[in-house]
Every structure is written in structure tokens, then in C-alpha cells.
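In what follows, a single structure is set out as C-alpha cells and then discussed.
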Amino acid sequence: MLVYADHAATSPLCKEAFHAMQPWLTANGYGNASAMYKIALDAKCRLEDARAAVARALSVLPEEVYFTSGGTESDNWALKGAMELGELRGNRRHLITTAVEHPAVLRVAEWLAKRGCELTVLPVDTLGRVSPEQVAAAVRKDTALVSLIYANNEIGTILPIGDIFAAVKAKDPAVLCHTDAVQAVGHIPVSFSGVDLLTFSGHKFGGPKGTGALYIRKGIPFPAFMHGGGHERGRRSGTENIAGIAGLAAALQAAADNMERHMADTAALRDRLTAGVLAIPYCRMTGDTACRLPGHASFVFDAVEGETIVLGLDIEGVSASSGSACSSGTLDPSHVLLAIGLPHETAHGSLRLTIDASTGAEGVDYIISKLTSVVASRRAMSPLWDDTAGKPVERF
Amino acid sequence: MYTDKVMEHFSSPRNVGEVEDANAVGTVGNPKCGDIMKMTMRISDDVITDVKFKTFGCGAAVATSSIATELVKGKSIKDALAVTNTAVVEALEGLPPAKIHCSVLAEEAIKAAIADYYKRRGIDPTPIVGCDADCPACHSRHAPD
Ligand SMILES: Cc1ncc(COP(=O)(O)O)c(C=O)c1O
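Chains as they are written, first to last, in the numbering used here: chain Z, 1 to 396; chain Y, 1001 to 1145.
Structure, rendered in C-alpha cells:
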């Protein structure tokens, strides 16, 4: 049996996306949307249909949607563009973000800090949250941008983005508010209240890889990112990926149409998974249990290392991921797990299982049974585990 | 990312556990860094007659420990001390660059166990073993923060 439990990393292409893409990859679907002849106009129509569908699914305006190559590009654009605008608007050089962002935000923020921006990285609580008061208190006269992750990719915690951005705007309405909603869009209803900029990525909700968008609130004179032939209303040049954009739009539409049912089904499966996993001794859940992505389950295990669990599961046909140091190629475990206060030794034993409704009860039970035996057999090899007593060694 | 050989040793590690009447025990690494290897040996007449390991760590850490036990089992102390991390990497048909430290740990575990063997007999291991991988410098090398 094969069970894919890494939907937060990427999702399989859904059939709606595949069917929407196919005509634009074959026959006369190759037209350049900027040209004047029939096949080009068809492509242009398809592009604008897709934009309208995306806007409808998110309840925003079509002219607020800018297609990009994905989450990483949209995050880069949002942060670099907002700091450029802040500078133009009167020396606003301060950027606020959190310690639990995706690297597509954190690395950009650090890059900006090296070039004269002032960076505040807010600490989070043990569930990975920042509060509206905490964020508002960090806002200064020279703050240009607040950038917060909508739903965390490692621990599943959903932030109260609307409340936080309201508190920020109450303090200074001129501060731009960006959210990396890559894990949220297509999975939970996303509120645009107080949001000026929002990042999402097609491949996280059944669309193709290499597609995404940046939402830019109407009226913001936001700078261009890709300079060139003037595509995407002069802000993001480059011949449009019609097939990819059509696929993203179809996937998002399908996700929006089925969201309520999908959320309920997925959360029920996730709860079944969580209950089964927590029956393994010396295992805890990470992240917020209440405000949490429906398909997201993340844990830490004592006395067994995360990559070992992931490899052990892979041998059994289960695809999962870990924020352990070894899987990141450094000696440090995930910055998110350290930011929620886990000691290094605990953070090394992390496991992330992200499922969707298609995983089914059978898939969930298979994961639980394989995980239980992998953890037991690997603990039996661990010098940190006392196999006779069935618990971690007292002192190492 | 791993060679078939690494995955084979990861899936079916050799010589797992602890030698019951061990007279040489070496533990290297630390939980903070996510790798710990404990190697136990029975040494008689300068020959490693039995060896077992327990490892907390990634796939490469498990595989390097496993192959290291194979490389020293039945060997004289002298031959065991000649097992370098490069030999461990070669025996596994390669390791990703980020995992080379696991092979270093395996070499250190062998040395630490042999050093312990000498210490138990009141002999200073340093001239024979060299670094016993148990000094503050060694530990800090594995503790990045
Ligand atoms: C929260 C978050 N932001 C950004 C990204 C990057 O998106 P993409 O893979 O589309 O560049 C990801 C996915 O890896 C993510 O989970």
C-alpha cells in the first residue's frame, strides 16, 4: 500500500486542473497571449477567465490578482516591493515578521536587513502564535510592512490574521500587511480583511507546480517585480504560462466549491490519525490543536530521530516529512520547532503528516499501524530509549 | 539521496544492541545535535570478538554505525584503529556531503570504545588511540549552537 502523507509539501494534480491544462499544452493552445491573431486571443481570454475564476473563489477583484511562478516568487515580490515602496513613501525601512515564517519570507527579510532595512522578528508562543497586541506593539513610525504566515507549514497553526492586521492598521493605517497564505488558500476560508498583499501557490491545492499569485489590494502603487514586456499590467513581465494558470484556477475553483465538505472530512480523518498516533508512548503534538489546518498533524517523539522515522515509513510505503536537522542538511533542527520552545534534542524527533480527504480511513489506519511499528523498532536501536522499561532513559 | 548500500544498512542494521559482557564501551555525539552512537565491544587478546551498537540519529548515522561494526568485528585493535571515516564512507558506497559527519562519528565511536578498554585496565589510551573523542573540543564540534 502507498499512502501519501505530505500534502503540505505538494499535492497531486487534481483532475479539474489536468483537464483545464490539457488544451493549452496541445493543438492550438500555444498562442502568445500578447499577440493579435486568433490563437493568441484565445489564450488571452483563457488567462482573463482564469483570473476571474481565482478572484471569484477568493472574493477579491480580478485586477487584484497577479500571476507568478509560485509562493517563493510572490513572497520575494511582496517583501522587496513593500520595502521599496516604504522607502519611496518617506523612509519607512522597518519590517516586522515572525520567527516561524517559511524560508521564502525569512531569507528575503534577512537579505533586506543586509541592505539597510531594519528587521524585527517576533517570537511566538508554544503553539506558534503571535497576538494582535504583540504585533501592534512592534509597529514603529518607520514600519513599512508586517508579514505573517497565515497557516504554518510545519506545525499547522492558523493565525488570527484579520485581528492582527486590524490592530496594526489601528496603530498606523499606512503600514502594509502581507500574509503568506500558501498553506491556507484552497484549504480553509481565507479572510482578506486588513490584507494588502497575499501570497499563494498552485501546487499546494491540486494545481500545477511553478504557478502562484500575489494578491495586491487595489489602489496600492505597488512596484513591478519583473521588468520587461509589461505583462500582468506592467508589474510582472514574462509570457504567461496559460496552461499553468488555467490549472491553478481550475484547482482553486474545485477547492472552493468543495471546501466545507472537504474540511469536515479531512479534519475528521486528521483527528482519527492524531488519536492513533498519540497512543504511541512519549509522543506529543506540535502546534495549535484548535486553530489548525484540517489536514495537518505534527508530532515530536522522544528518543527517536525524525529522519529515521521518515525513512522507516518510506520503506513501508508512507511518504511523510520531518523538521529534524538531518533532513534539512544542517546540524540544526527546524527553526519553527526551536521557536516554539522545543529543546534541540526534542526537535530532532519531529514528524509531519499532512493528509487530505482522499487519504481515507484505510490510509489513516495504515499510517498509524506502520508508524507505531517503525517508532518501536527504531527506539529499540536507540541509546536514549530503555526498551525493558518502555520509556526514555532517565539521564543520558 | 542515499546509496542502496546505506539504505540496506538502514533497513537491516547489523549488530544492533549491547554486548552483554562488554569490556569496551564508547559513546559519542550528543542528543542536542541529533546523533548519538554507543558502541559496546568484547575484546580478548587484542581482538574484537564481539561488537554491537545503538544509535540515535538519522539514516546515515544508523548506516555508518552498522557498517562500522562489520568493519571491526573479528579485527585486532590495531586494524580497528586503522578504520577511518573515509573507509566507512567507501564501504557505504558514498554519503551525501551533509552526512559525512556521521562517518566521523562512527570512527570516533570505535576509538572511544577502544580507549575505554585501555582506561579500564589502567592504561592511558592517548598514545595508542590518539583522540578518544571525549574532550570538550570534540563535543563542541558536534554542538553547533
Ligand atoms: C508557507 C509557505 N510559503 C511559501 C512556500 C513556497 O511556495 P512555492 O513552492 O510555490 O515556491 C511554501 C511551500 O513550500 C510554503 O509552505
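Beta carbons are placed, not taken as given, at the ideal position from N, Cα and C, and that holds for glycine.
Quantities reported herein were computed from a predicted structural model and do not represent experimental measurements.
Which of the three DSSP states, helix, strand or coil, is assigned to residue i?
{"i": "Tyr66 (chain Z)", "result": "strand"}
{"i": "Asp6 (chain Z)", "result": "strand"}
{"i": "Met285 (chain Z)", "result": "strand"}
{"i": "His1142 (chain Y)", "result": "Its pLDDT being 44, under 50, His1142 (chain Y) is placed unreliably by the model, and the measurement read from it follows with that caveat. Reduced to three states, the DSSP call for His1142 (chain Y) is coil."}
{"i": "Tyr1002 (chain Y)", "result": "coil"}
{"i": "Ala255 (chain Z)", "result": "helix"}
{"i": "Lys1033 (chain Y)", "result": "Checking the displayed sequence, the identity of residue 1033 (chain Y) turns out to be Cys instead of Lys. The answer is helix: DSSP assigns Cys1033 (chain Y) an H, G or I state."}
{"i": "Cys1150 (chain Y)", "result": "Residue 1150 (chain Y) falls outside the range modelled here, since chain Y spans only 1001 to 1145, and no answer is possible."}
{"i": "Glu1008 (chain Y)", "result": "helix"}
{"i": "Val300 (chain Z)", "result": "strand"}
{"i": "Tyr150 (chain Z)", "result": "coil"}
{"i": "Ile340 (chain Z)", "result": "coil"}
{"i": "Phe192 (chain Z)", "result": "coil"}
{"i": "Asn1015 (chain Y)", "result": "coil"}
{"i": "Thr372 (chain Z)", "result": "helix"}
{"i": "His262 (chain Z)", "result": "helix"}
{"i": "Lys1111 (chain Y)", "result": "helix"}
{"i": "Cys117 (chain Z)", "result": "coil"}
{"i": "Ile355 (chain Z)", "result": "coil"}
{"i": "Phe222 (chain Z)", "result": "coil"}
{"i": "Gly1094 (chain Y)", "result": "coil"}
{"i": "Arg378 (chain Z)", "result": "helix"}
{"i": "Leu384 (chain Z)", "result": "coil"}
{"i": "Ala33 (chain Z)", "result": "coil"}
{"i": "Arg140 (chain Z)", "result": "coil"}
Closer than 8 Å, CB to CB, is residue i near chain Z or not?
{"i": "Lys1005 (chain Y)", "result": "no"}
{"i": "Val1062 (chain Y)", "result": "yes"}
{"i": "Ile1067 (chain Y)", "result": "no"}
{"i": "Ile1036 (chain Y)", "result": "yes"}
{"i": "Gly1057 (chain Y)", "result": "yes"}
{"i": "Lys1054 (chain Y)", "result": "yes"}
{"i": "Lys1032 (chain Y)", "result": "yes"}
{"i": "Thr1126 (chain Y)", "result": "no"}
{"i": "Thr1027 (chain Y)", "result": "yes"}
Say whether chain Y places a C-beta atom closer than 8 Å to the C-beta of residue i.
{"i": "Thr359 (chain Z)", "result": "no"}
{"i": "Gly203 (chain Z)", "result": "Reading off the sequence, residue 203 (chain Z) comes out as His, not Gly. For His203 (chain Z), the answer is no, since every Cβ of chain Y falls outside 8 Å of its Cβ."}
{"i": "Thr274 (chain Z)", "result": "no"}
{"i": "Ser382 (chain Z)", "result": "yes"}
{"i": "Pro333 (chain Z)", "result": "yes"}
Return yes when the Cβ of residue j is within less than 8 Å of the Cβ of residue i, no when it is not.
{"i": "Val105 (chain Z)", "j": "Asp125 (chain Z)", "result": "no"}
{"i": "Thr211 (chain Z)", "j": "Asp180 (chain Z)", "result": "no"}
{"i": "Val1062 (chain Y)", "j": "Val1019 (chain Y)", "result": "no"}
{"i": "Thr10 (chain Z)", "j": "Lys209 (chain Z)", "result": "yes"}
{"i": "Ala5 (chain Z)", "j": "Ile368 (chain Z)", "result": "no"}
{"i": "Ser131 (chain Z)", "j": "Gly162 (chain Z)", "result": "no"}
{"i": "Ile158 (chain Z)", "j": "Cys291 (chain Z)", "result": "yes"}
{"i": "Gly186 (chain Z)", "j": "Gly247 (chain Z)", "result": "no"}
{"i": "Lys218 (chain Z)", "j": "Glu63 (chain Z)", "result": "yes"}
{"i": "His397 (chain Z)", "j": "Gly1034 (chain Y)", "result": "Since the first residue shown for chain Z is 1 and the last is 396, residue 397 (chain Z) is missing from the structure and cannot be characterised."}
{"i": "Thr68 (chain Z)", "j": "Ile149 (chain Z)", "result": "no"}
{"i": "Ala412 (chain Z)", "j": "Glu48 (chain Z)", "result": "Any question about residue 412 (chain Z) goes unanswered here, given that chain Z covers just 1 to 396."}
{"i": "Val139 (chain Z)", "j": "Val168 (chain Z)", "result": "yes"}
{"i": "Lys1038 (chain Y)", "j": "Thr1049 (chain Y)", "result": "no"}
{"i": "Leu384 (chain Z)", "j": "Phe1010 (chain Y)", "result": "no"}
{"i": "Arg236 (chain Z)", "j": "Phe225 (chain Z)", "result": "yes"}
{"i": "Gly312 (chain Z)", "j": "Arg352 (chain Z)", "result": "no"}
{"i": "Pro294 (chain Z)", "j": "Ile188 (chain Z)", "result": "yes"}
{"i": "Leu145 (chain Z)", "j": "Leu176 (chain Z)", "result": "yes"}
{"i": "Val1006 (chain Y)", "j": "Ala1113 (chain Y)", "result": "no"}
{"i": "Thr1069 (chain Y)", "j": "Asn1023 (chain Y)", "result": "no"}
{"i": "Lys1032 (chain Y)", "j": "His262 (chain Z)", "result": "no"}
{"i": "Leu371 (chain Z)", "j": "Ser350 (chain Z)", "result": "no"}
Quick check: does the Cβ of residue i come within less than 7 Å of any heavy atom belonging to ligand 3?
{"i": "Val108 (chain Z)", "result": "For ligand 3, the structure offers nothing, since it holds only ligand 1."}
Exercise. Can you list, in chain order, the residues of the region 339–366 of chain Z whose Cβ is nearer than 7 Å to any Cβ on chain Y?
Worked result: Closer than 7 Å at the C-beta level to chain Y, one finds these residues of the region 339–366 of chain Z: His344, Glu345, His348.
Problem set entry | Under 7 Å (Cβ pairs) to chain Z, residues found in the region 1011–1022 of chain Y | Answer in chain order: Ser1011, Pro1013, Val1016.
Exercise. Relative to chain Y, which residues along the region 299–323 of chain Z have a C-beta separation below 9 Å, given in chain order?
Worked result: For chain Y, the residues of the region 299–323 of chain Z that bring a beta carbon within less than 9 Å of one of its beta carbons are Ala303, Val304, Glu305, Gly306, Glu307, Thr308, Val310, Leu311, Gly312, Ile315, in chain order.
For this session: Note down, one range per segment and in chain order, each beta strand (DSSP E) of at least 3 residues found wholly within the region 81–131 of chain Z.
Result: Runs of the beta strand (DSSP E) lying entirely within the region 81–131 of chain Z, each at least 3 residues long, are 94–98, 118–122 in chain order.
Problem set entry | beta strand (DSSP E) runs contained entirely in the region 161–212 of chain Z, provided each spans 3 or more residues | Counting only runs of 3 or more, we get 176–180, 197–201.
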